[in-house]
Amino acid sequence: MRILVMMIQTELYKPVNNYLIPKSLRELGHDVILGDVDSLVILENVVCIKAAQFEGADVGDHHVRMETLISCEDFDAIWLLDYAHHSKEREFFQILWVLEQRVVFVNRPSSMLFINNKIGVFGLRLGRHFAPTCVVQDEQAVKDIVAKDEVATWVIKPPNAGCGAGVFMLAEGDPNFSTLIQAATGNAYQKYEMYTREAYGLAEQYTIVQKFIPEIRQTENRVVVAGGRIVGGYKKTSVGAEFRGNYAVGGIETAMDICSSARDLCSEVGTELMSYGINYVGIDLAYPHIVELNMVNPGGISGQLNATGEDIGPAACQGALEAATSQDARTTA
60 MRILVMMIQT
70 ELYKPVNNYL
80 IPKSLRELGH
90 DVILGDVDSL
100 VILENVVCIK
110 AAQFEGADVG
120 DHHVRMETLI
130 SCEDFDAIWL
140 LDYAHHSKER
150 EFFQILWVLE
160 QRVVFVNRPS
170 SMLFINNKIG
180 VFGLRLGRHF
190 APTCVVQDEQ
200 AVKDIVAKDE
210 VATWVIKPPN
220 AGCGAGVFML
230 AEGDPNFSTL
240 IQAATGNAYQ
250 KYEMYTREAY
260 GLAEQYTIVQ
270 KFIPEIRQTE
280 NRVVVAGGRI
290 VGGYKKTSVG
300 AEFRGNYAVG
310 GIETAMDICS
320 SARDLCSEVG
330 TELMSYGINY
340 VGIDLAYPHI
350 VELNMVNPGG
360 ISGQLNATGE
370 DIGPAACQGA
380 LEAATSQDAR
390 TTA
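Counting in my numbering, the sequence shown tops out at residue 392, every number present.
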């Protein structure tokens, strides 16, 4: 198969999906082309991208320069691994919507846009497996939620961020309690006081308020599901006083440890997501709760490699591709 892998341009190959997935696809015998997400355009009704052939490489080698403009429409499948720069994200997804009418994607861009965040998941059946969650946009609303259950600990986080960015633990009595809430909701009071509402404009911003799962530090796993089937993963363990287990903030990766019921839940989630054209996902699971879904560039191949030495890349890519190119996987839910 001829496969286009869309990603950001970097200087060197790193031991992450942007290297491991093209490498695995090539090992499976596919013709792999890399395309720069920030170069996407439409020329005379044809969606095009600046691209380069992936001939194989090692970690640390210079990344091939994606400079030749080609059609995106001459591929058997496309794998989107990164979003374009946030300044043009709306147009980026509008162009991708055009493209997904013409070419098969491993993960459908329109579904990634609406589901790959901390809000869209609650439109799915699997939303019931998340801890109690609210989506609000003002300071008092957050305080009211916390006041209803003073014993609980809460987490606040931005709806559209990753790698643990902007995630805070929230509990009454913490000297930073009000400051954290104000920062999470845009510091609206302070801005209006200094500049006035009329001069500043809208300051309020959405935040997620979610009940903290105490067991997460002992039980969270990143489970990699391809084509509705578990292909691997690893256990995420936070370090010291840090409650986030993300690798990006110092979390430790060890061998995955989940029960049969947790495996069944992951398969259920993967199957539901396939009906929306999502065939490759990383599920953060602290059974019986889902913590988060990761659909754009979910770490898992590198995580298992670091934890156990096993390379699940070829199996993960094979499972995702087979599902994406099947007729059922392209049926709209």
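Even glycine gets a Cβ: it sits at the ideal position worked out from N, Cα and C.
Bear in mind the structure is a predicted one, so any value in this text is a computation, not a measurement.
- If you draw a straight line from the Cα of CYS107 to the Cα of ASP203, it comes to about 49 Å.
- DSSP places ASP343 within a strand segment (E or B) once states are collapsed to three.
- With contact defined as three or more Cβ pairs closer than 8 Å, the segment 346-363 and the segment 61-77 are in contact.
- Going by C-alpha positions, HIS89 is about 7 Å away from ILE62.
- Using a Cβ distance threshold of 8 Å, MET65 and LEU140 count as a contacting pair.
- In terms of CA proximity to ALA200, GLU263 leads the group GLU263, VAL340, ILE174, GLU279.
- Counting other Cβ atoms within 10 Å of its Cβ, SER170 reaches 16 or more and is therefore classed as buried.
- Here the alpha carbon of GLY287 sits roughly 19 Å from the alpha carbon of GLY179.
- Annotated three-state conformation of SER326 is helix, per DSSP.
- Looking at the backbone, the Cα of THR244 and that of ALA258 are separated by about 19 Å.
- Scanning its chain for C-beta atoms nearer than 6 Å, with the 5 sequence neighbours on each side dropped, one finds around LEU185 the residues VAL328, GLU331, in chain order.
- DSSP links HIS121 through a beta bridge to LEU71.
- If you check the CB distance, GLU198 and ILE240 come in under 8 Å.
- In this structure, the alpha-carbon of GLU209 lies about 21 Å from that of ARG276.
- Under the three-state reduction of DSSP output, TYR259 falls in the helix class.
- CA-to-CA, the gap between GLN269 and LYS294 works out to about 22 Å.
- The residue among PRO373, ALA379, ALA111, VAL195 with its C-alpha nearest the C-alpha of GLU86 is PRO373.
- The three-state secondary structure of TYR293, taken from DSSP, is strand.
- Taking 8 Å as the cut-off, the beta carbon of ALA382 is found no closer than this to the beta carbon of ASN353.
- Annotated three-state conformation of LEU155 is helix, per DSSP.
- Within the same chain, TYR72, PRO74 come within 6 Å of VAL118 by CB-CB distance, once the 5 residues on both sides are set aside.
- Taking C-beta separations shorter than 8 Å and ignoring five residues to either side along the sequence, the partners of PRO168 in its chain run LEU139, PHE152, LEU155, TRP156, LEU158, GLU159, following chain order.
- Taking C-alpha positions only, MET60 is separated from SER237 by approximately 54 Å.
- Under the three-state reduction of DSSP, ARG184 is assigned to helix.
- Rounded to the nearest whole angstrom, the C-alpha separation of ASP233 and THR212 is 11 Å.
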